[in-house]
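Chains as they are written, first to last, in this note's numbering: chain A, 3 to 115; chain B, 65 to 179.
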Amino acid sequence: SQQGEEDPQALSIQEGENATMNCSYKTSINNLQWYRQNSGRGLVHLILIRSNEREKHSGRLRVTLDTSKKSSSLLITASRAADTASYFCASLAGGTSYGKLTFGQGTILTVHP
Amino acid sequence: KAGVTQTPRYLIKTRGQQVTLSCSPISGHRSVSWYQQTPGQGLQFLFEYFSETQRNKGNFPGRFSGRQFSNSRSEMNVSTLELGDSALYLCASSFIRGPNTGELFFGEGSRLTVL
């Protein structure tokens, strides 16, 4: 498969807890992005981290990138019920990758009120 | 600013038919990409267009085609539909001209069911 891998496949937590999702990819990258998808809807961009960056923050989101291990993690702090969704990492390979993101299989996050 | 608009949102076809899906990108975005999402294969890249030119293509058979118009609107067509073509087809637009895709803005998708 050309897809990256994400774990866990599903994560169930209580409101207020932190949620951590991990992603691995296969080729060298230009950047790695995280997207969120509510059931059967379109994807919403959350955060982008470039290959020369190691950590990035946006609000309650923290993303790390380890290019030596070809892996990334997304941390959502103080989760809310509204964070319930599927989360996907998407890598952009180096070179002429016009529009082509390689998505992981996703993590289904359920946050219980 | 209006988001990416995809039509139709839902459609049902039978095997052997063809289908055309439409996508209007965010105003000012000239790059349009298409993705197929299925439970088994996940999200897979179909193709990308910029200024009416296809710049990149995924590993899909020739039954899948697309085009882009001078106003950046895009269409994709699937001919001789197969059951396995049932999927959510997502269109995304970007303002980035160069090869290193940044943030993609996705539409709500067109859900195709093939019977």
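Think of the CB as a built atom: it goes at the ideal place given N, C-alpha and C, for glycine as much as any other residue. None of the values given here were measured: they were computed from a predicted structure.
Interface flag, residue i vs chain A, CB-CB below 8 Å
i      : result
B/T69  : no
B/E172 : yes
B/S95  : yes
B/L154 : yes
B/R73  : no
B/F133 : no
B/N141 : no
B/E116 : no
Burial state of residue i (16 or more Cβ within 10 Å)
i      : result
A/H59  : exposed
B/P89  : buried
A/D68  : exposed
A/G101 : buried
A/Y37  : buried
A/A12  : exposed
A/G65  : One point to set straight first is that residue 65 of chain A is Val, not Gly, in the sequence displayed. Under this definition A/V65 is a buried residue.
A/A84  : exposed
A/E8   : buried
A/V46  : exposed
Whole-Å CB distance - residue i paired with residue j, under 8 Å assumed
i     : j      : result
B/S91 : B/A66  : 7 Å
A/N32 : B/N141 : Incorrect: roughly 30 Å between the Cβ atoms, too far for contact.
B/R79 : B/E146 : 6 Å
Cβ of residue i within 8 Å of any chain B Cβ
i     : result
A/Y89 : no
A/N54 : no
Proximal residues to residue i (C-beta, below 7 Å), its chain only, five neighbours per side dropped
i      : result
B/R136 : Here residue 136 of chain B is Ser; the residue named in the question, Arg, does not match the sequence. Same-chain partners within the cutoff: P89, H93, R94, V96.
A/N40  : A87
Close-in-space but distant-in-sequence residues of the same chain around residue i (CB under 8 Å, 5 per side omitted)
i      : result
B/G122 : Q108, F109, L110, F111
A/G44  : none
Own chain, CB closer than 6 Å to residue i, minus 5 neighbours either side, in chain order
i      : result
B/Q118 : F111
A/H114 : Q16
A/T29  : A95
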